[in-house]
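Participant:
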Amino acid sequence: MRLFIILFGSLLFSYGQDKVLFFQTDWGNQLSLDAFCERAKTSGYDGVELWLPTTSDKQEALKGALKKHGLLLNLLHGTNKGLPFKESLEQYKSVLETLMLWKPVLINSQTGSDFFTMEENRAFIDAANTISAKHNIPVYHETHRGRFSYNLPDTNKYLNLIPDLKLTLDISHWMVVHESLLQGKDELLGEVIKKSNHIHARIGYAEGPQVNDPRAPEWTNALERHLGIWEQVIRKGWKENNGVVTVTTEFGPADYMPTLPYTRVPVSDQWQANVFMMESLKERLKLNK
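Below, the structure written as structure tokens:
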């Protein structure tokens with residue numbers, strides 16, 4: 001797994017300042033790992049983000065595909081909300097230790113539960129911070145429905161309580177939770193942006209976490225709102241992270257992607273939506289340099 005450290009280090013060196021590393025999600029992927037990684041590479045991505053495969057043969061296939069196509073790796077992790085708190089916490093710590101052995105660029109964690117107490121949720125965050133420091137690999141806690149970070153006001157409470165809490169900002173979740181594009185909430189958002197180190201790029205709106213097609217003109221206002229928030233995170237990250245920021249494009253498949261009735265055919269192309277996210281951010285940052 002030294003490959004990822006060497007490759008990530010060389011990318012940082014070669015990119016210099018003010019760069020964004022883009023990762024493609026494998027959410028809903030039906031291709032082989034090799035074909036998926038090849039498509040990600042040819043589409044312009046620097047890496048992929050996924051849950052670690054559970055079988056040894058798929059893990060070996062992942063290692064081979066990453067090396068073959070020269071891609072970086074982010075891993076996903078999460079609290080099992082179906083287990084009692086103590087059992088869930090032990091499982092969370094055990095799996096996180098295993099993920100660290102892969103030496104990913106980062107680990108994105110869907111942490112805790114909106115049904116856990118603040119103290120219980122904090123136990124997961126503290127465990128992640130301890131294991132992260134031990135391995136010198138960042139763990140970022142995603143703003144996500146159903147987790148400790150399911151809304152903006154409560155997430156700010158955790159930020160005040162835990163100074164070293166680091167976030168992945170998936171703002172699309174909060175757009176639907178708060179049934180708005182969070183206009184007039186920039187003061188609260190500012191505190192979140194300060195602690196956001198990774199982005200999940202997807203366009204949400206007042207009625208859902210994913211618009212049907214981000215290229216459609218009816219979503220221009222939502223697109224611009226998301227791009228503006230992401231740009232703040234990126235420009236803050238450029239100052240703090242050696243000039244490099246990470247973004248995962250995360251439009252999902254059916255049924256997260258709206259579908260036609262009866263046939264369940266997606267109304268737009270997931271891959272194209274994600275590439276559009278990447279290209280829109282690149283254009284936005286170029287225009288606002």
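Residue numbers (the UniProt record's numbering): 1 to 289.
Glycine residues also receive a C-beta, built at the ideal position from the N, C-alpha and C atoms.
Remember, predicted model here, so these are calculated numbers, not experimental data.
1) Let's test the definition: count the other Cβ atoms within 10 Å of the Cβ of Q24 and tell me whether it reaches 16, buried, or not, exposed.
2) Take N80 as the anchor and find which of L159, N29, I131, F116 has the nearest alpha-carbon.
3) Report the residue from K134, P138, L99, E87 whose alpha carbon sits nearest the alpha carbon of L106.
4) Which same chain residues, not among the five before or five after residue 305, have their C-beta less than 8 Å away from its C-beta?
5) Considering Cα atoms alone, identify which of K134, K282, H173 is closest to P209.
6) Taking the CB atoms as reference points, tell me whether N197 and L159 lie closer together than 8 Å.
7) Counting along the chain, where does the beta strand (DSSP E) carrying G82 start and finish?
8) At the level of alpha carbons, what is the spacing between A201 and G70?
9) If I measure Cβ to Cβ from M277 and keep anything under 6 Å in the same chain, skipping five residues before and after, which residues do I get?
10) Within the same chain, show all residues whose beta-carbon is closer than 7 Å to that of P53, passing over the 5 residues directly before and after it, in chain order.
11) Could you work out which residue in L76, G82, V233 is closest to G190 when comparing CA atoms only?
12) Determine, using beta carbons only, whether V245 and G237 come nearer to each other than 8 Å.
13) Where does A201 fall in DSSP's three states?
14) Output the distance between the C-alpha atoms of G228 and R284, rounded to the nearest integer angstrom.
15) When the Cα atoms are used, what is the spatial distance from L11 to L21?
16) Closest to L188 by C-alpha separation, out of R215, N151, I162, would be which residue?
17) Whole angstroms is fine: what's the gap from P163's alpha carbon to P153's?
18) Helix, strand or coil for L31, going by three-state DSSP, please let me know.
19) Quick one: using the 10 Å Cβ neighbour count with 16 as the cut-off for buried, is G64 buried or exposed?
20) Quick check on this structure: which residue in R225, K93, S132, A40 has the alpha carbon closest to the alpha carbon of L281?
21) Quick one: complete beta strand (DSSP E) runs, 3+ long, within the segment 226 to 253?
22) Go ahead and label M257 buried or exposed: buried means 16 or more other beta carbons lie within 10 angstroms of its beta carbon, across all protein chains shown.
23) Please classify residue 336 as buried or exposed, where buried requires at least 16 other C-beta atoms within 10 Å of its C-beta.
24) Short check: CB of D114 to CB of G146, under 8 Å?
25) I'd like the span of the beta strand (DSSP E) that includes W51, first residue to last.
Facilitator: For this structure:
1) Within the sequence shown, numbered from 1, the residue matching residue 24 stands at position 24. Looking at its Cβ environment, which holds 16 or more other Cβ atoms inside 10 Å, Q24 is buried.
2) Taking the first residue of the sequence shown as 1, we reach residue 80 at position 80. Nearest of L159, N29, I131, F116 to N80, Cα basis: F116.
3) For this step, residue 106 is matched to residue 106 along the sequence shown. Selected option, being the one with the closest Cα: P138.
4) Residue 305 lies beyond the range of the chain shown here (1 to 289); nothing can be said about it.
5) Reading the sequence shown from its first residue, position 209 is the one you call residue 209. Among K134, K282, H173, the Cα nearest to that of P209 is on H173.
6) Here residue 197 is taken as the residue at index 197 of the sequence shown, counted from 1. Here residue 159 is taken as the residue at index 159 of the sequence shown, counted from 1. No.
7) Counted from its first residue, the sequence shown places residue 82 at position 82. Per DSSP, G82 belongs to no beta strand (DSSP E) and is neither H nor E.
8) As a working note, residue 201 is residue 201 in the sequence shown. As a working note, residue 70 is residue 70 in the sequence shown. Looking at the two C-alpha atoms, the distance is approximately 22 Å.
9) For the purposes of this step, residue 277 is taken as the residue at position 277 of the sequence shown. For M277, where only same-chain residues beyond five positions count, the Cβ hits under 6 Å are A201, T249.
10) Indexing the sequence shown from 1 puts residue 53 at position 53. For P53, same chain residues with a beta-carbon under 7 Å away, outside a window of 5 residues either side, are Q59, L62 in chain order.
11) Stepping through the sequence shown from its first residue, residue 190 is reached at position 190. Comparing Cα positions, the closest option is V233.
12) As a working note, residue 245 is residue 245 in the sequence shown. As a working note, residue 237 is residue 237 in the sequence shown. Yes, the pair counts as a contact, with Cβ atoms nearer than the cut-off.
13) Start at 1 with the first residue of the sequence shown, and residue 201 comes out as number 201. A201: strand per DSSP, three-state reduction.
14) Stepping through the sequence shown from its first residue, residue 228 is reached at position 228. Stepping through the sequence shown from its first residue, residue 284 is reached at position 284. Each residue's Cα considered, the two are about 9 Å apart.
15) On the sequence shown, residue 11 is found 11 positions in, with the first residue counted as 1. On the sequence shown, residue 21 is found 21 positions in, with the first residue counted as 1. Since pLDDT at L11 reaches only 48, below the 50 mark, its modelled position is unreliable, and the value read off the structure follows with that caveat. Spanning the alpha carbons of L11 and L21 requires a straight line of approximately 9 Å.
16) As a working mapping, residue 188 is identified with position 188 in the sequence shown. Of the candidates R215, N151, I162, the one whose C-alpha sits nearest the C-alpha of L188 is N151.
17) Along the sequence shown, read from residue 1 onward, the residue named residue 163 stands at position 163. Along the sequence shown, read from residue 1 onward, the residue named residue 153 stands at position 153. Roughly 16 Å between the two C-alpha positions.
18) Start at 1 with the first residue of the sequence shown, and residue 31 comes out as number 31. Here L31 sits in coil by DSSP.
19) Taking the first residue of the sequence shown as position 1, residue 64 is located at position 64. Classified as exposed, G64 has fewer than 16 neighbouring CB atoms from the shown chains inside 10 Å of its CB.
20) In the sequence shown, residue 281 corresponds to position 281, counting from 1. It is R225.
21) 244 to 249
22) For this step, residue 257 is matched to residue 257 along the sequence shown. M257 comes out buried.
23) Outside the modelled stretch of the chain, which goes from 1 to 289, sits residue 336, for which no answer is possible.
24) Along the sequence shown, read from residue 1 onward, the residue named residue 114 stands at position 114. Along the sequence shown, read from residue 1 onward, the residue named residue 146 stands at position 146. Result yes, Cβ atoms of D114 and G146 sit closer than 8 Å.
25) Here residue 51 corresponds to residue number 51 of the sequence shown, with the count starting at 1. Segment 47 to 51, the beta strand (DSSP E) holding W51.
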